[in-house]
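Asker: Just so we're aligned, residue 1 is where the sequence shown starts under full-length UniProt numbering, counting upward by one.
For reference, the structure I am asking about is given below.
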Amino acid sequence: MIAKYIAYTIPKTRKKYIIPILEKLRDAHYTFNDMNELQKDGKTEYRSNVIDLFSYLMRNERAESQPPPGFHTFLQGILDADIPIGWIVNKNVKELILLSQADPKRRDQSSPSTLNESKPKKLTTAERLQTISNPETSPEPEKEAIKKTLSDPESSPTIQLKQWTNWEEAKRLS
């Protein structure tokens, strides 16, 4: 029923986002009580109003107006629920979301389904070299062969270096 009242106050092009936002907020434990006040984990944000919050979220304010009461908690809910930034119209709110996503403290608290965690970590050259030299991570026979090759390449049993005498042989080897 709340979605119906919200739909009256926001632009028609944004009505399709009302229910998905409400569902994502509910999954993140942000709900609205009988008086349309925002609740987080059962704790009511007094004098907040779901219609005012959504209206502010989905419209660009012409003047630099103050956000409605309870908007800070609502914004925290938007961040916790991972609402896509494309669903939001208000430029000021988008800016706040982008700033909070760039904040390292906020990134540490974010949900485990972040983009950074789904990609494998790229190792630096120093880290790669450290894994080669670390006895726990590299197998023992390979480690010994690498040490022998690096210390005395001519006496290494694993690598036979071939000498060439002219350019034709060098081209053929490469």
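Positions of the beta carbon are idealized from the N, C-alpha and C atoms, including for glycine.
Decide if L99 is buried, meaning its Cβ has at least 16 other Cβ atoms within 10 Å, or exposed.
Answerer: Residue numbering aside, residue 99 sits at position 99 when the sequence shown is read from its first letter. It counts as exposed.
Asker: What does DSSP give as the partner residue(s) for E45 in the beta ladder?
Answerer: Position 45 of the sequence shown, counting from 1, holds the residue named residue 45. Paired residue(s): L38.
Asker: Please determine if the segment 79 to 97 and the segment 5 to 21 are in contact, where contact requires at least 3 C-beta pairs separated by less than 8 Å.
Answerer: Taking 8 Å as the limit for Cβ pairs, the verdict is that the segment 5 to 21 does touch the segment 79 to 97.
Asker: Just mark Y56 as buried or exposed, buried being the case when its beta carbon has 16 or more other beta carbons within 10 Å.
Answerer: For this step, residue 56 is matched to residue 56 along the sequence shown. With 16 or more Cβ atoms within 10 Å of its Cβ, Y56 is classed as buried.
Asker: Once DSSP output is grouped into helix, strand and coil, what is the label at I19?
Answerer: Within the sequence shown, numbered from 1, the residue matching residue 19 stands at position 19. Helix.
Asker: Give me the residue from A102, L79, D52 with the minimum Cα distance to Y8.
Answerer: Within the sequence shown, the letter at position 8 stands for residue 8. It is D52.
Asker: At the level of alpha carbons, what is the spacing between S48 and I97?
Answerer: The residue given as residue 48 occupies position 48 in the sequence shown. The residue given as residue 97 occupies position 97 in the sequence shown. Distance between the alpha carbons of S48 and I97: 20 Å.
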